[in-house]
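Here the sequence shown is numbered in this note's numbering, starting from 1381 and rising by one per residue.
The beta-carbon is built from N, C-alpha and C at its ideal position, and this holds for glycine as well.
Below you'll find the structure, written out as structure tokens, and then a few comments.
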Amino acid sequence: LPGTTASNTLGGDHKLYTGLFQVTIVTPPGKGPGAAETLLDELSSLYPINHALTRDGFTVLVMTPLEPGPEQQDDTAFSLPCRFEYRADTF
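Put into structure tokens, the structure is as follows:
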């Protein structure tokens, strides 16, 4: 989810891109939060704070730890949304 784009220089040659990466972990019903929390731990190890993700010369930094949102349980699935904030700078 892209956030605002800003510039931290008077000349405007810098652009700061910020946003939020969100994923929802969905597991079968009846397993409780354990399976989803295990996947959350695995995702956390893949996206640690200050981890750089680069593609085609554009680098994005993970700025916050992956954090879980409110759990949701219904008859068909258990859902655990999780997110982290990111930023990218270009000059």
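Selection from the options that minimises the alpha carbon distance to residue i
i	options	result
residue 1468	1417, 1421, 1433, 1447	1433
residue 1413	1463, 1470, 1453, 1466	1453
residue 1382	1435, 1455, 1400	1400
Cβ-Cβ distance between residue i and residue j below 9 Å
i	j	result
residue 1416	residue 1464	no
residue 1462	residue 1404	yes
Neighbourhood of residue i by C-beta, 6 Å cutoff - its chain only, sequence neighbours within 5 removed
i	result
residue 1440	1433, 1466, 1468
residue 1406	1457, 1459
8 Å Cβ shell around residue i - same chain, five flanking residues per side excluded
i	result
residue 1384	1398
Residue(s) in a DSSP beta bridge with residue i
i	result
residue 1480	Because the chain in this structure spans residues 1381 to 1471, residue 1480 falls outside the shown range and cannot be described.
residue 1399	1382, 1466
residue 1451	Paired residue(s): none; residue 1451 is not in a bridge.
residue 1387	Note: residue 1387 sits in no beta bridge, so no partner.
Contacts around residue i, its chain only, beta-carbon distance under 7 Å, and the 5 residues preceding and following it disregarded
i	result
residue 1388	1394, 1396
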